[in-house]
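K.L.:
Numbers 1 to 114, taken from UniProt numbering, label the letters of the sequence shown in order. We put the beta carbon where it would ideally sit given N, CA and C, even for glycine. Keep in mind it's a predicted model, so treat the numbers as computed, not measured. First the structure, then my questions, so here it is.
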Amino acid sequence: MMTDVVESSGLAGDRAETNPTEAAAARTGTGDSAAAERIVEIRERIDEIDRTIIALWQERAALSQEVGATRLASGGTRLVLSREREILERFRQALGADGTQLALLLLRAGRGPL
């Protein structure tokens, strides 16, 4: 009975795909084998970049937290707003409005929410 539900929902067709062109099209959005192959290559590189971004994000957050802890331990302030403005401006100039949003996320990861 469960198979009836799966088959009527169209999910059984996904599981039963045996045609390599259909399978490639389902994964890449194209039935053209050359294009599908190139998409797979590009996605592999994107995945590598994502892993690097994640590792750098984590490293940056840890360093930023260390700066904050060192500053507080020496009697300094929790935040240095001029430094945050520098970072926001650097990202805005390089990436536009999306850069500002990215910088805000980076700053938050390093210092926590305000």
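Determine the contact status of L95 and L105, defining contact as a CB-CB distance below 9 Å.
P.N.:
Their beta carbons are not under 9 Å apart, which means L95 does not touch L105 by this criterion.
K.L.:
What would DSSP say about D98, mapped onto helix, strand or coil?
P.N.:
In the structure shown, D98 sits in a helix (DSSP, three-state: H, G or I).
K.L.:
Write down the C-beta distance between E57 and A109 rounded to the nearest angstrom, noting that I regard them as a contact closer than 8 Å.
P.N.:
Checking the sequence, you will find Trp at residue 57 rather than Glu. Right, their Cβ atoms sit about 7 Å apart.
K.L.:
Near F91, which residues of its chain fall below 7 Å by C-beta distance, leaving aside the five closest residues on each side in sequence?
P.N.:
If we look at F91 and ignore the five residues flanking it on each side, its Cβ neighbours are G99, T100, L102 and A103.
K.L.:
If distances are taken between C-alpha atoms only, which option among T21, L114 and I46 comes closest to A34?
P.N.:
It is T21.
K.L.:
Only counting the same chain, and skipping five residues up and downstream in sequence, which positions put a Cβ closer than 6 Å to that of I39?
P.N.:
Within the same chain, I39 has close Cβ partners T28.
K.L.:
Using the rule of at least 16 other Cβ atoms within 10 Å of the residue's Cβ for burial, across every protein chain shown, is A26 buried or exposed?
P.N.:
Label assigned to A26: exposed.
K.L.:
Have a look at I54 and A73 and give me their C-alpha separation to the nearest angstrom.
P.N.:
Distance between the alpha carbons of I54 and A73: 28 Å.
K.L.:
For A36, does the count of other Cβ atoms within 10 angstroms reach 16, so buried, or fall short, so exposed?
P.N.:
Classification of A36: buried, given that the 10 Å Cβ count is 16 or more.
K.L.:
Work out the CA separation of I42 and L114 for me, nearest whole Å.
P.N.:
About 38 Å.
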